[in-house]
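Let me begin by presenting the structure, written as C-alpha cells, before commenting on it.
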C-alpha cells in the first residue's frame, strides 16, 4: 500500500509540475517524467540535426565527421604513410592501408597484423590446431 508520504516523495521527484519538470535540451519542451523525456528524445531528436559538407551534398551526423570529410575537398592531408607515398585524411584509412599493404599475412589463414611478433605467435598457435 502506498502511503501519503511515499506518494508525496514520488510526485516531488518525478512529477515536478509545469514550471519545472524535465526539459529537452534540443527544443526546450518540458515533460513530467524522465521516461517521457527519454521517449521524446528518441522519437524527435535522434540524428535529426545534420551537417552538410560546404563543398558537396553529403550530410553528416556531427561536425567532426563533416570536417574530416571536407579535407578531401581542401587537399589538407592529415596522415602520410611512413613506408610509401600513400596519404589519408582519416586515421582509420591509414591503419587499413598499413595493414593491407605493409602488414604481415599468415600463410595458413590469411590473418593480418602489423606486428611481426604477433604474427609469429599467431602462426605458432594456428599450427597447433
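In my numbering, the protein residues as written are 8 to 136.
All residues carry an ideal CB built from backbone N, CA and C; glycine is no exception.
Helix, strand or coil at residue i [DSSP, three-state]
i	result
residue 10	coil
residue 98	helix
residue 26	For residue 26, the predicted structure reports a pLDDT of 49, less than 50, and the residue's modelled location is therefore unreliable. A value from the coordinates is still provided. In this structure, residue 26 counts as coil in the three-state DSSP scheme.
Cβ-based neighbour list, residue i, same chain, cut-off 6 Å, excluding 5 preceding and 5 following
i	result
residue 94	84, 87
residue 29	38, 41, 44
residue 111	120, 123, 126
residue 80	62
Span separating the alpha-carbon of residue i from that of residue j
i	j	result
residue 60	residue 16	50 Å
residue 118	residue 126	8 Å
residue 115	residue 134	8 Å
residue 70	residue 128	41 Å
residue 99	residue 50	32 Å
residue 101	residue 13	58 Å
residue 77	residue 131	44 Å
residue 31	residue 56	15 Å
residue 113	residue 35	56 Å
Close beta carbons around residue i, own chain, < 7 Å, minus the five adjacent residues each side
i	result
residue 33	52
residue 73	58, 60, 67
residue 104	88, 93, 95
residue 82	none
Close-in-space but distant-in-sequence residues of the same chain around residue i (CB under 8 Å, 5 per side omitted)
i	result
residue 91	108, 109
residue 75	96, 97
Which ranges would you report for the beta strand (DSSP E) in the region 35–118 if only whole runs of at least 3 residues count? none
Between the region 42–50 and the region 60–72, do at least 3 Cβ pairs fall closer than 8 Å? no
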